[in-house]
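In my numbering, the protein residues as written are 650 to 879. All C-beta atoms, glycine included, are put in the ideal place defined by N, C-alpha and C. The structure displayed is predicted, hence computed values, not measured ones. Below is one structure, written out as structure tokens; the observations come after it.
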Ligand code: G6P
Ligand code: MG
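Printed below as a string of structure tokens:
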């Protein structure tokens, strides 16, 4: 059985898209272009359902049950990724979401290790382009594991690479599948976004703006006491 998360929290594992940077729009525009070319209806609402899914899982949803051969499926994934790479080429530090840099800096000062746990195969290139790779001790991306979120694999991979017990790790996620994956890994989870999406997390914030590490630790400590007292 998975252990409950505990203190001290020795590492924070960040999801990438929607947590450190808002690439959702780039992913949306790329899927939209592919869908338009294929004559498939696709809008922002349909794109929301792709949050946290792998490229292949996303394409299956975009196709909405339309059957295509393996080769066509592969070439569609490649085409979508080409559009995505073109759009994300001009990313800079300006595309890092508000609150992220102060938090990364605080974590570094507090001696907390940092890692990336993303389903994206572009994750390494994106953090390098954003200029935040130097903060990350480990980069776990879509090529590191075979099973995607909500299995805990990518987060367990990051903990193993850090040489830490999963129970001493905290995940920051914006997708429901990612929150579930982190809970299944036995880690602390901070969810970013609406309750309906990330409410299963131990703590929920709209985004990382104004989120300070001491407050996160304080709130989790207080919450644990509250749980223990019931
Ligand atoms: C993240 C995003 C998804 C994206 C997936 C795969 O999980 O939230 O929207 O589809 O990564 O990204 P990739 O860059 O490998 O196509
Ligand atoms: Mg995400």
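| message | So, with DSSP's three-state summary, where would you put residue 795? | response | The DSSP-derived three-state label of residue 795 is coil.
| task | Could you please give the first and the last residue of the uninterrupted alpha helix (DSSP H) stretch that includes residue 725? | result | Run containing residue 725: 719 to 737, per the alpha helix (DSSP H) assignment.
| request: Check residue 827 in the structure and name its three-state DSSP category. | output: Three-state result, residue 827: helix.
| Under 7 angstroms between the Cβ atoms of residue 745 and residue 672? | Contact flag unset, no.
| query | Just the Cα atoms here: how many angstroms apart are residue 835 and residue 700? | reply | A direct Cα-Cα distance of roughly 22 angstroms separates residue 835 from residue 700.
| field | Same chain, Cβ closer than 7 angstroms to residue 793, five either side skipped, listed in chain order | value | Only 803, 806 meet the Cβ criterion.
| request: Decide if the region 845 to 860 is in contact with the region 745 to 755; the criterion is three or more beta carbon pairs, one per stretch, under 8 angstroms apart. | output: Taking one beta carbon from each stretch, the region 845 to 860 and the region 745 to 755 have 3 or more pairs nearer than 8 angstroms; the two touch.
| message | I need the DSSP call for residue 838, collapsed to helix, strand or coil. | response | Note: residue 838 maps to strand in three-state DSSP.
| query | Would you say residue 765 and residue 772 are within 7 angstroms of each other, going by their C-beta atoms? | reply | Inclusion of residue 765 and residue 772 in the CB contact set at 7 angstroms is warranted, their separation being smaller than that value.
| task | Determine which residues share a DSSP beta bridge with residue 822 and list them. | result | According to DSSP, which records beta bridges pairwise, residue 822 is partnered with 840.
| said: Given the structure, does residue 667 come close to the ligand MG, in the sense that its CB is under 6 angstroms from one of the ligand's heavy atoms? | reply: Residue 667 has its Cβ nearer than 6 angstroms to a heavy atom of the ligand MG.
| request: Decide if residue 843 is buried, meaning its Cβ has at least 16 other Cβ atoms within 10 Å, or exposed. | output: By the neighbour-count rule (16 or more Cβ atoms within 10 Å), residue 843 is not buried but exposed.
| said: Among 762, 775, 729, 731, whose alpha-carbon lies nearest the alpha-carbon of residue 743? | reply: When only C-alpha atoms are compared, the closest one is 775.
| field | C-alpha gap between residue 688 and residue 651, whole angstroms | value | Looking at the backbone, the Cα of residue 688 and that of residue 651 are separated by about 45 angstroms.
| query | Which two residues bound the contiguous alpha helix (DSSP H) that contains residue 709? | reply | From DSSP, the alpha helix (DSSP H) with residue 709 extends over 704 to 712.
| task | Measure the CB-CB distance between residue 786 and residue 762 and report whether it falls below 7 angstroms. | result | Cβ distance < 7 angstroms, so residue 786 and residue 762 count as in contact.
| task | Kindly give me the distance between the Cβ atoms of residue 850 and residue 840, rounded to whole angstroms, as I take these residues to be in contact under 8 angstroms. | result | Rounded, the Cβ-Cβ distance is 3 angstroms, consistent with contact.
| task | Give the straight-line distance between the Cα atoms of residue 717 and residue 872, rounded to the nearest whole angstrom. | result | Taking C-alpha positions only, residue 717 is separated from residue 872 by approximately 49 angstroms.
| field | Status (buried if at least 16 other CB within 10 Å, exposed otherwise) for residue 676 | value | Buried: at least 16 other Cβ atoms inside 10 Å.
| query | Regarding residue 704 and the ligand G6P, is the C-beta to nearest heavy atom distance less than 6 angstroms? | reply | Residue 704: yes, Cβ under 6 angstroms from the ligand G6P.
| request: Return yes when at least one heavy atom of the ligand MG lies under 6 angstroms from the C-beta of residue 814, else no. | output: Distances from the CB of residue 814 to the heavy atoms of the ligand MG are all 6 angstroms or more.
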